[in-house]
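Following: one structure in structure tokens, then a few remarks.
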Amino acid sequence: MHHNSLSIDGVACACNALRKAARAMTRFYDEVMEGYPLSLTQFAVLRNIARHEPVPLMDLAHVLVMDRTTLYRTLKPLEREGWIAVAEGKGRAKQARLTAQGRDAVANSQGAWEEAQRRMIGAFGPERWAGVEAALGDLVMLAQGSQA
46 MHHNSLSIDG
56 VACACNALRK
66 AARAMTRFYD
76 EVMEGYPLSL
86 TQFAVLRNIA
96 RHEPVPLMDL
106 AHVLVMDRTT
116 LYRTLKPLER
126 EGWIAVAEGK
136 GRAKQARLTA
146 QGRDAVANSQ
156 GAWEEAQRRM
166 IGAFGPERWA
176 GVEAALGDLV
186 MLAQGSQA
């Protein structure tokens, strides 16, 4: 891995900077999506279930970069609302799939999410965002130990 001469002395904590940005972005999306059936977090989970369904919960946790306990806490209200069904999969693994109500909730929130996305990426710039998105992917891999 290439190391540059920039010292870490005086540089803001990477974790805190990313957490602040994540909280601010989540708040922005949730405000735009207010009045729609889903929060941003619920929308993201449901969309990922839809992309991979039926999806084993272990795989879903990996895709979302969540620990299993946090994922299970996140899934409980979605199951209670009737938006997902969690059932036994292969072996002892559980898997999730969207219900018809879940598909409707995603469809009903899609336009608001698209509006938030358009506003944020439009203001930030698509080219700049592409660079940030790539850098964030690299950070996820580094944090998970995929690169030294």
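In short: position in the sequence shown from 1, add 45, done, that's my numbering.
We put the CB at the ideal spot given by N, CA and C, even for glycine.
Helix, strand or coil at residue i [DSSP, three-state]
i, result
"R163", "helix"
"L200", "Residue 200 falls outside the range modelled here, since the chain spans only 46 to 193, and no answer is possible."
"A130", "strand"
"P99", "coil"
"D183", "helix"
Counterpart residues of residue i in DSSP-defined beta bridges
i, result
"I53", "Its beta-bridge partners do not exist; DSSP assigns none."
CA-to-CA distance, residue j to residue i, given in whole angstroms
i, j, result
"N93", "G190", "23 Å"
"K65", "K135", "39 Å"
"V194", "P99", "Nothing about residue 194 can be reported from this structure: the residues present for the chain run from 46 to 193 only."
"A141", "R173", "35 Å"
"G127", "P82", "12 Å"
Selected residue, minimal CA-CA separation from residue i, among the options
i, options, result
"W158", "A188, L85, C60", "L85"
"A89", "Y74, A145, P101, M103", "Y74"
"R164", "M70, L187, V108, R125", "M70"
"G147", "N61, R96, E76, C58", "R96"
Inset, instruction - Answer yes if the stretch 115–122 comes into contact with the stretch 169–184, meaning at least three C-beta pairs across the two stretches below 8 Å, and no otherwise. - result: no
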